[in-house]
Structure formats: structure tokens, C-alpha cells
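One structure is given below, encoded as C-alpha cells.
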Amino acid sequence: MTDAGHRSGFACFVGRPNAGKSTLTNALVGSKIAITSSKPQTTRHAIRGIVHREDAQLIIVDTPGLHRPRTLLGQRLNDLVRATWSEVDVVGFCVPADEQIGPGDRFIAAELAKIAQRTPVLGIVTKTDLVGKEQVAKQLLELQDVLDFADLVPVSAVESYQVDTLADLLVERLPEGPELYPDGELTDEPEQTLVAELIREAALEGVRDELPHSIAVTIEEMYPRPGRDDLIDVYAHLYVERTSQRGIVLGHRGGRLKEVGARARKQIEALLGSKVYLDLHVKVAKDWQRDPKQLRKLGF
Numbered sequence: 028m029t030d031a032g033h034r035s036g037f038a039c040f041v042g043r044p045n046a047g048k049s050t051l052t053n054a055l056v057g058s059k060i061a062i063t064s065s066k067p068q069t070t071r072h073a074i075r076g077i078v079h080r081e082d083a084q085l086i087i088v089d090t091p092g093l094h095r096p097r098t099l100l101g102q103r104l105n106d107l108v109r110a111t112w113s114e115v116d117v118v119g120f121c122v123p124a125d126e127q128i129g130p131g132d133r134f135i136a137a138e139l140a141k142i143a144q145r146t147p148v149l150g151i152v153t154k155t156d157l158v159g160k161e162q163v164a165k166q167l168l169e170l171q172d173v174l175d176f177a178d179l180v181p182v183s184a185v186e187s188y189q190v191d192t193l194a195d196l197l198v199e200r201l202p203e204g205p206e207l208y209p210d211g212e213l214t215d216e217p218e219q220t221l222v223a224e225l226i227r228e229a230a231l232e233g234v235r236d237e238l239p240h241s242i243a244v245t246i247e248e249m250y251p252r253p254g255r256d257d258l259i260d261v262y263a264h265l266y267v268e269r270t271s272q273r274g275i276v277l278g279h280r281g282g283r284l285k286e287v288g289a290r291a292r293k294q295i296e297a298l299l300g301s302k303v304y305l306d307l308h309v310k311v312a313k314d315w316q317r318d319p320k321q322l323r324k325l326g327f
């Protein structure tokens, strides 16, 4: 559809790790394309979700949280965020309603101030379902002082509160243009990337705090089982940095890895619309977050 008045373009959400960016992306797209976890630094790739409307096509780039990096991986994630900002039509800066605005938020706002002249930035107060109305109002007032925003909006992805309003505000700021992706497509990510992310999400749930950054997943092979059109075989490697972490992921007699496999398989089957055989192996790649060669091998 290329009717006059149709808009299309790119938006991205930024914010501290765990500010609700991925949950918001999924709510707008109406489907799970970005992994969410209570662990910070869950998102490691810029994943694009596509919102189709009669009047517009909005492509949301979900980026990792910007943070002060301690490793080469952290640095690369930050570079990815900044590269994404420079290419989108509108940016949404997410701050959770239930947390004080702190130095991390101000650090991001200072970075955003550099692009705010040419790219509109919306202030978004997320997770409003977790607090009362007074706290939401207070957070909006405080956010107003952090940066000169094009607009401010409180939302709750969980309760779908004002998600449509946010979509309208983002669409308003897109240039006029035709659809950029075929109707019905929800993401332009290769399926293997999404499958790897779903496995990593399942592995992150329930592991102790020292592990979230140390897990990487690669899909070694993924293909329909010969002679079966209802079954896809997925062979994946889960990488950790130390032998002791391997034990944590495996669990007692491999029990935890079995749970991870069962949880991930359910999500992958929903994504691919097919039965899945999932073969998972845990490997040690010593200090991979600090090693350029290993980062490349693992897709960073």
C-alpha cells in the first residue's frame, strides 16, 4: 500500500538494562520477538520487530541496554546501541515507574542529547502497573527535567495501557513512505538467531546471578528431519566461561539442562509452528567476553 499519507520508518527504545524495552517491543508487535528476562543485559542483538497498521509500518529496533562497559562484549553492545540511534527516525527513552531516576539514566540522557537536535526523543515511563498514579505523575515530572523530550507518555506493556497511544506518537514522527516489509512479517531476524535467543532466555531463568553475561548460544545445525515434514532438528551449543559455570548450567545429573531444553523447546515450537527435537550441549569457552576471536566466533 503506497497511499498518500502512509508512513514507514524505524524507531528504537533505549534505557538502562531491564527498563522494559523488550517487553514493550513485544507488546507493540503483538508477538514475542525479543527475549525478556529479569536478568539485566538480556538483549544482545538489535532485533527488529514490525508493527503493521493501515496507515503505517513501524519497525522497532530493540537494542541492548546502554551501560558502562566492563568487558569487550559490553563495549561492543554499547557501540551497537549508538549505531542504531544514528539510523532511526524516532527514539523512545524508557525509564521504569518503580525505580528512581539515577546516574545510569542521566548518562543515557546525556548521550541522547547529542542526537535530539535531529531525531525526536520520546520520554516513556514503563511498568506503570507496578505503582500508583501519584508515583507515575512524579516520575513523569522528574523525567521532564532530564532531557527536552518531544513528548512524554506513561505505559504498561503488561496491561496494554497506552501501548496504542505510544504507537501513534511514534508513527506521527515517521516519514511518509511505502511498506518496507511484506504484510504479515513480524521480524527480519533469521530464524536461527531467534531460536538461539530463546534457548539463552530459557538458560537465564533460574541460574544464579553470576551467570547472565557468561552464557552464549550458537545453533550448530537446524533442519527438517529427513522423511518427516512435522519435525525440525535443532543442535545447539551453550557456552559458558568457566568449568564451574558448566556445572551450574548442567545442574544435578543434568537436571537443570533438561529443564532448560524443555522450556526452550516449547517456545521454539511456538515460533516455528512445528515439533522440535532439541539437542543441547554445554561447552566452556574460557573468558569469551574478553577475547575478540571468540566474540567473533560467537557472533558478536
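Convert by adding 27 to the 1-based position in the sequence shown; the result is the number in our numbering.
The beta-carbon is built from N, C-alpha and C at its ideal position, and this holds for glycine as well.
Of all C-beta pairs linking the stretch 255–271 to the stretch 299–315, three or more are shorter than 8 Å, placing the two stretches in contact. DSSP, reduced to helix, strand and coil, places R317 within a helical segment of the structure shown. For the pair V122 and A38, the CB atoms are not nearer than the 9 Å cut-off.
Shown here, F134 sits in a helix according to DSSP, grouped into three states.
Annotation: the continuous beta strand (DSSP E) that includes S35 extends over R34 to G42.
Sequence-distant partners of G57 (beyond 5 residues in either direction) whose C-beta falls short of 6 Å from its own C-beta are missing from its chain.
Looking at the backbone, the Cα of V244 and that of L99 are separated by about 18 Å. Rounded to whole angstroms, the gap between the alpha carbons of V117 and R283 is 42 Å. For K165, the enclosing alpha helix (DSSP H) has its first and last residue at K160 to Q171. The Cβ atoms of V311 and E268 lie closer than 9 Å to each other. Under DSSP, no beta-bridge partner is assigned to T220. At the C-beta level, V309 and Y266 come within 9 Å of one another. When C-alpha distances from Q166 are compared across E199, Q127 and E286, the shortest belongs to Q127.
In the assembly as shown, D172 is an exposed residue. Its beta-carbon has fewer than 16 other beta-carbons within 10 Å. Distance between T153 and A54, taken at the CA atoms: about 12 Å.
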